[in-house]
Amino acid sequence: MEKLKSTLPNILLSLTVICLVAGIALSAANKYTADAIARSKAAELQNAIKNVTPGFDNNPMEEQYKAAVTEGDSLIIYPAKKEGQPVGCAVESYTKKGFSGIIRVMVGFDTEGKLLNYSVLEHNETPGLGSKMEEWFRQDKNRRNIIGRNLKKGGLKVANDGGDVDAITAATISSRAFLDAINLAYSAYSGNTDATSGATGSVDADATSSATGTDTENKATENHSTK
């Protein structure tokens, strides 16, 4: 077979063929892995729901519904039932006020509104600082533990803001954001759009004008740790 001459038309033809083959290959790979990725995400959600709710025998993911929390925004609620009776629910919540952006959590409540557990689904907080949210807020030490709290009495706030929850050391911004997501989850669960009014909703990770001197030090510490 005669070798193609290195002319511009031949080079363009070769590049076109290569791009077409690569595109087809990538499309096939994406189609092949899409179902596996979807199954993996569904399994992750299912495990998170199990981790934060009492034992159930229904399929919360099939019975999920949305609850409005702010104008134009809503959260997904997964009802947990035992023999047809509600035993609690899991709420998929989030906040964009983390030190490094979005934080997504699954929060579980019983039928009385008591916070049963939480599972962090996604975050980009600083390792060793904000990332401690995974366990910090369920530790029985000082005023860290929020498990068992009933938010009917008001939203959760860090001590620096007059609340009774100890913030993660040197990561007050991350702590505020995490509690913001928890409060938002309760707002959706209870149908009370004012449930977050005394919480962290008014504090933005990018707006330090209302932060205390300690908050500024914490932000500087987090900045330093990421360099």
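In our numbering, each residue carries its 1-based index in the sequence shown increased by 1496. For every residue, glycine included, the Cβ atom is placed at its ideal position computed from N, Cα and C. In this text the structure is predicted, and so the values were computed from the model without any measurement.
For residue i, tell me which candidate among the options has the shortest Cα-Cα distance.
i	options	result
Val1661	Ala1524, Phe1633, Leu1509	Phe1633
Arg1600	Ser1670, Leu1522, Ala1518	Ser1670
Tyr1561	Ser1683, Thr1591, Leu1571	Leu1571
Arg1639	Pro1623, Ile1664, Leu1647	Ile1664
Ser1604	Val1565, Pro1556, Ala1524	The sequence as given places Gly at residue 1604; Ser does not occur at that position. The shortest Cα separation from Gly1604 among Val1565, Pro1556, Ala1524 belongs to Pro1556.
I think residue i touches residue j, with their Cβ atoms under 8 Å apart; what is that distance to the nearest whole Å?
i	j	result
Glu1588	Pro1575	Their Cβ separation, rounded to whole angstroms, is 13 Å, which puts Glu1588 and Pro1575 out of contact at 8 Å.
Lys1578	Gly1551	7 Å
Phe1674	Met1602	Contact flag wrong, Cβ pair sits at about 13 Å.
Ser1627	Asn1547	Incorrect: roughly 18 Å between the Cβ atoms, too far for contact.
Is the Cβ-Cβ distance between residue i and residue j less than 8 Å?
i	j	result
Gly1609	Tyr1685	yes
Lys1593	Arg1535	no
Leu1612	Gly1580	no
Pro1582	Thr1549	no
Asn1656	Thr1668	yes
Leu1625	Ala1677	no
Ile1598	Glu1618	yes
Gly1644	Ala1563	no
Ile1545	Ala1586	yes
Tyr1590	Leu1647	no
Going by DSSP, what residue range makes up the alpha helix (DSSP H) through residue i?
i	result
Arg1672	1668 to 1686
Met1557	It is not in any alpha helix (DSSP H) - Met1557 carries neither H nor E in the DSSP assignment.
Glu1631	1629 to 1632
What are the boundary residues of the beta strand (DSSP E) that includes residue i?
i	result
Val1583	1581 to 1594
Arg1612	As written in the sequence, residue 1612 is Leu, which differs from the Arg given in the question. 1611 to 1618 is the extent of the beta strand (DSSP E) around Leu1612.
Lys1578	1569 to 1578
Evaluate the contact criterion for the region 1651 to 1659 versus the region 1539 to 1547: three or more CB pairs, one atom per stretch, below 8 Å.
no
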